[in-house]
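In the working numbering, the protein residues as written are 3 to 304.
Just so you know, even glycine gets a beta-carbon here, dropped at the ideal spot from N, CA and C.
The model shown is predicted, which means the values in this text are computed figures rather than measured ones.
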Amino acid sequence: MNKTEVYLLSGFLGSGKTTLLKYLLQQEKNEGRKIAVLMNELGSVSIDSDAVNEDVPLKELLDGCICCTISDKLEAQLQGLLMEYSPEVIYIEATGAAHPVEVIDAVVSPLFGEKIDFKGIITTVDSKRWLDRKKLSPQIQQLLIEQVKHANLLLVNKTDTLSEEEQATISMEMTMFNQHAFCVLTTFSKVPMGEVRKMGYPKEPQHHVQVDLHLRTFVYHFKRHISQKDFESFLKAMPDTIYRIKGYVKFSENNYPYLFQYSYGTPLYMKEYMNMTLNLVFIGEKVNWNILSAQLLEMEQK
Ligand SMILES: Nc1nc2c(ncn2[C@@H]2O[C@H](COP(=O)(O)OP(=O)(O)OP(=O)(O)O)[C@@H](O)[C@H]2O)c(=O)[nH]1
């Protein structure tokens, strides 16, 4: 069975995410692909769901943004969409106030390993707002930068509001903040579909890279149980640029694995009552994944 492609649409409030979603849905329809949409809005009345036609399966996550409260709910919604509709592609529109790490965290679940092909983050940037960003609060400025930095495809949108000189300036700035994403200047979020199809979220570290600077997900698959003490020592010693870990680990003394969650320094173990595939998903940047992987392997071979 083919994996379902998943794209995340990110970008600040009003930057053109819904406009992009509508455009993408039209393009997908023209190609005859089976699509589904997940949306979340701040507040419990959805405004943007009118953007999606009735024949497209839509799940909405209300009451808060993906990152803060409902990452588990998103996981369940995704699971539901996959089981009920088996779509070829799912678009997720994240709230404009979400940080990319939090959003990725919600999508990469050890449960989806075989079912989902996470293609990456498309970030829309309101070009005028970007150029005037110094007027915004430091927190919002930082969020805008983070959204640009972690994109896999960057749409510098609303370029109809810019002079040619401003367009050149913003293109240069985008490259400065993010060298690995392809950057397209757009009006009304009209991105060439070829660029969308080309996307692929980097999952595995490159072997020749010593320290990997990009934000990545890395999946380790345990073949057997490990010692809890060793695992805890590993957690204490690992780099603090690992922001999230989630997945299943099995300890020598137990029959069943634990669901393990780690978020900004805090580990959480939840007992499972059945056997699960022992996948552990890491999200981090500036990490030498080869060393990390070797340490996990050593734990297993003890
Ligand atoms: N002039 C101009 N307006 C645009 C462009 N793209 C989008 N807009 C308008 O900008 C407004 C915001 O666009 P949306 O697509 O709703 O933005 P959003 O990111 O979904 O906004 P939130 O739902 O608040 O996060 C709408 O009125 C769009 O019609 C563009 O390229 N140029």
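Residue i CB to nearest heavy atom of ligand 1 below 8 angstroms
| i | result |
| --- | --- |
| THR268 | no |
| SER17 | yes |
| SER191 | yes |
| GLU167 | no |
| LYS160 | yes |
| GLU148 | no |
| GLU95 | yes |
| THR22 | In the sequence as presented, Thr is not what sits at residue 22; that position holds Leu. Correct: LEU22 has its Cβ closer than 8 angstroms to ligand 1. |
| THR125 | no |
| THR188 | yes |
| ASN177 | Checking the displayed sequence, the identity of residue 177 turns out to be Thr instead of Asn. Every heavy atom of ligand 1 is 8 angstroms or more from the Cβ of THR177, so no. |
Exposure label - residue i; buried when at least 16 CB within 10 Å
| i | result |
| --- | --- |
| GLU86 | exposed |
| LEU83 | buried |
| ARG246 | buried |
| LYS225 | exposed |
| LEU76 | buried |
| THR97 | buried |
| MET41 | buried |
| SER254 | exposed |
| GLN149 | buried |
Contact belief for residue i with residue j at Cβ below 8 angstroms, rounded distance in angstroms
| i | j | result |
| --- | --- | --- |
| GLU274 | TYR258 | 5 angstroms |
| LEU11 | LEU22 | 6 angstroms |
| PHE179 | ILE244 | About 22 angstroms separates the two Cβ atoms, so there is no contact after all. |
| LEU298 | MET240 | Contact flag wrong, Cβ pair sits at about 10 angstroms. |
| LYS19 | GLU116 | LYS19 to GLU116, Cβ: 29 angstroms. No contact. |
| ILE118 | VAL39 | Wrong, their Cβ atoms sit about 15 angstroms apart, outside the cutoff. |
Residue i and residue j closer than 9 angstroms at C-beta
| i | j | result |
| --- | --- | --- |
| HIS223 | LEU187 | no |
| LEU146 | PHE14 | yes |
| MET301 | SER191 | no |
| ILE37 | ILE92 | yes |
| THR219 | VAL110 | yes |
| GLY249 | PHE262 | yes |
| PHE184 | GLU175 | no |
| ARG139 | THR6 | The amino acid occupying residue 139 in the given sequence is Ser; Arg does not appear at that position. Not a contact, by the Cβ cut-off of 9 angstroms. |
| GLU33 | MET272 | no |
| GLY286 | LEU217 | yes |
Distance cut-off 8 angstroms: residue i Cβ against heavy atoms of ligand 2
| i | result |
| --- | --- |
| PHE14 | As far as ligands go, the structure on display features ligand 1 and does not contain ligand 2. |
Quiz prompt | Three CB pairs or more closer than 8 angstroms across the segment 116-131 and the segment 152-163 | solution = Proximity of the segment 116-131 to the segment 152-163 meets the contact definition, three or more beta-carbon pairs being nearer than 8 angstroms.
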